[in-house]
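Here full-length UniProt numbering is used: the first residue of the sequence shown is 1, the next is one more, and so on.
Backbone N, C-alpha and C fix where the C-beta goes; we use that ideal spot for every residue, glycine too.
Report on the structure given below.
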Amino acid sequence: MEAKSASRIDRKSSIESEPRTLNINQIQCAREAAMYVVRTRTMEEAMSVFTEGLEPVVSVARENIGTMMNAKEMQ
């Protein structure tokens, strides 16, 4: 018989790595903040606020090109 290992593997539920969902109050607050930005900034400034930090989807797809499957592979 083998002795049980003293070290334990700590596992994390996959739900803990998922993005959190906003509740209705947080959604309303975000709407009000967005409206404030739209009303107090120029169109260019507002677009900059709303798109800051975003990356084009095309660049992400190029990075994953080796891991993507085509329709024939999925069948």
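Check: Check whether ALA46 and VAL38 have beta carbons under 8 Å apart; Outcome: yes
Check: Where SER13 falls: helix, strand or coil (DSSP); Outcome: coil
Check: For GLU55, the three-state DSSP class (helix, strand or coil); Outcome: coil
Check: Check: LEU22 C-beta below 7 Å from any heavy atom of the ligand ZN; Outcome: The ligand ZN is not among the ligands present in this structure, which contains no ligands whatsoever.
Check: Distance between ALA34 and GLU52 (C-alpha atoms, nearest Å); Outcome: 14 Å
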